[in-house]
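Residue numbers (this note's numbering): 18 to 245.
Ideal Cβ positions, reconstructed from N, Cα and C, are used throughout, including at glycine.
Computed from a predicted structure; not experimentally measured.
What follows is a short report on a single structure.
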Amino acid sequence: MGNTKIIPCGFGPVLVLVLLAGVVGGLGQWWADGGSQAVQLARCGALLAEAWEAAVVEEVLFRGVLLWACLSWARRRNEAYPRRAPRAHRHRFAGLRAVVDPVGFAVMASSLIFGLAHLFPEGSLMAPGADIGVAAIQGVLKVTQSTLFGAVMALLVVRSPYGSRPFPQRALSLMAPVIVHGLFDLLFWGPLLLTGGVLPSTYLTGNPADLVPLVITTVLLAWAVKSC
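Pasting the structure below:
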C-alpha cells in the first residue's frame with residue numbers, strides 16, 4: 018500500500034508555526050479591541066459554524082479549483098509551447114519547458130489571488146474615518162499574510178499522497194488544509210468572538226494596534242513557508 022497519510026511527511030513543525038500564528042493573531046485582535054475578559058460560551062456554536070464554513074468554502078474554491086486549474090494550465094503550456102514554434106527554431110525554445118515550474122506557478126498564483134481576495138470584504142474597503150497611512154500598511158501586510166497562509170495550504174495539497182491520484186481520490190488532498198484552516202480560524206477569531214467582540218467588516222481598520230498581530234503573524238507564516 019502507498020502512503021495514505023493526510024498530513025504530508027515533514028509538515029509537523031510547519032503546522033505548529035501556522036497554528037501559533039493563529040493564536041497570536043487571535044490574542045492580538047482581542048487586545049486591540051480592548052481586551053474584554055467576559056467569555057460568552059453561548060457564542061461557541063456561532064464561532065464553530067463561522068470558522069468551518071469559511072475553511073471548507075475557501076479551500077474548495079482556492080485549493081480545490083483554482084490551484085488545480087493553474088497547475089493544469091501551466092502543464093499544458095509547457096507541453097505545447099515548444100511544439101508551436103517552427104521546426105527550424107525549436108532549439109530556441111528548448112529551455113522554456115523549465116521556465117514555468119507548474120507546481121511552483123500554481124502554488125504562487127493561487128496563493129496570491131487568495132491573498133488579494135482578503136482585501137475585498139463584504140462592506141467598504143476601509144473602515145469609516147480610518148487613517149489612510151495605517152490602512153495602506155495593513156493592506157500590504159494582510160495580502161502578504163494571507164498569501165503566505167495560502168501557500169502553506171497549497172503545499173499541503175500538492176505534497177499530499179492523494180495529490181497525484183485521479184479524481185475522486187484527489188479530493189482527499191483537501192482534508193488536511195480544511196482541517197488546518199478551520200483550526201486556524203478558530204484560534205484567530207475565537208478570543209474576539211467569545212468575549213463579545215464583533216469581527217470587523219474590513220481588515221483595513223486604520224487602528225495602529227492592529228498592526229502588531231499582523232506583523233507577528235506574517236513573520237510566523239513566512240517562517241512556515243520557508244520550512245516547507
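| said: I'd like the list of long-range same chain contacts for residue 194, defined as Cβ closer than 7 Å, with 5 residues on each side in sequence excluded. | reply: What you label residue 194 is simply residue 177 of the sequence shown in a count that begins at 1. Closer than 7 Å at the Cβ level, and outside the excluded window around residue 194, lie 76, 80, 170, 173, 174.
| Are the segment 217 to 230 and the segment 141 to 155 in contact at 8 Å, needing three or more beta carbon pairs? | With the cut-off at 8 Å, the segment 217 to 230 and the segment 141 to 155 touch.
| said: Taking 7 Å as the limit between beta carbons, can you name the residues of its chain near residue 26, skipping five residues before and five after? | reply: The count along the sequence shown starts at 1 and reaches residue 26 at position 9. Cβ neighbours of residue 26 beyond the five flanking positions: none.
| query | Is it buried or exposed for residue 49, if we count other Cβ within 10 angstroms and need 16 for buried? | reply | Working through the sequence shown from its first residue, we reach residue 49 at position 32. It is buried - the Cβ of residue 49 has at least 16 other Cβ atoms within 10 Å.
| query | CB residue 35 to CB residue 238, shorter than 8 Å? | reply | Your numbering for residue 35 matches position 18 in the sequence shown. Your numbering for residue 238 matches position 221 in the sequence shown. A contact, by the Cβ cut-off of 8 Å.
| said: Please state whether the Cβ-Cβ distance between residue 231 and residue 162 is less than 8 Å. | reply: Here residue 231 refers to the residue found at position 214 when the sequence shown is read from its first residue. Here residue 162 refers to the residue found at position 145 when the sequence shown is read from its first residue. The answer is yes: Cβ separation under 8 Å.
| request: Please name the residue in 141, 96, 149, 86 whose C-alpha comes closest to that of residue 128. | output: Taking the first residue of the sequence shown as 1, we reach residue 128 at position 111. Cα-wise, what sits closest to residue 128 is 86.
| Of all the options 68, 160, 38, which has the alpha carbon lying nearest to the alpha carbon of residue 207? | Position 190 of the sequence shown, counted from the start, is the residue given in the question as residue 207. Among 68, 160, 38, the Cα nearest to that of residue 207 belongs to 68.
| request: Under 8 Å by Cβ, that's how I've got residue 56 and residue 212 pegged, so tell me the actual separation to the nearest angstrom. | output: Walking along the sequence shown from the start, residue 56 turns up at place 39. Walking along the sequence shown from the start, residue 212 turns up at place 195. Confirmed, Cβ separation roughly 6 Å.
| said: If I follow the unbroken alpha helix (DSSP H) through residue 57, where does it start and stop? | reply: Position 40 of the sequence shown, counted from the start, is the residue given in the question as residue 57. It is not in any alpha helix (DSSP H) - residue 57 carries neither H nor E in the DSSP assignment.
| Among 222, 202, 236, 125, which one has its Cα closest to the Cα of residue 63? | Here residue 63 corresponds to residue number 46 of the sequence shown, with the count starting at 1. For the residues 222, 202, 236, 125, the minimum Cα distance to residue 63 belongs to 202.
| task | Express the C-alpha separation of residue 122 and residue 91 in angstroms, rounding to a whole number. | result | Stepping through the sequence shown from its first residue, residue 91 is reached at position 74. Stepping through the sequence shown from its first residue, residue 122 is reached at position 105. So the alpha carbons of these two residues sit roughly 7 Å apart.
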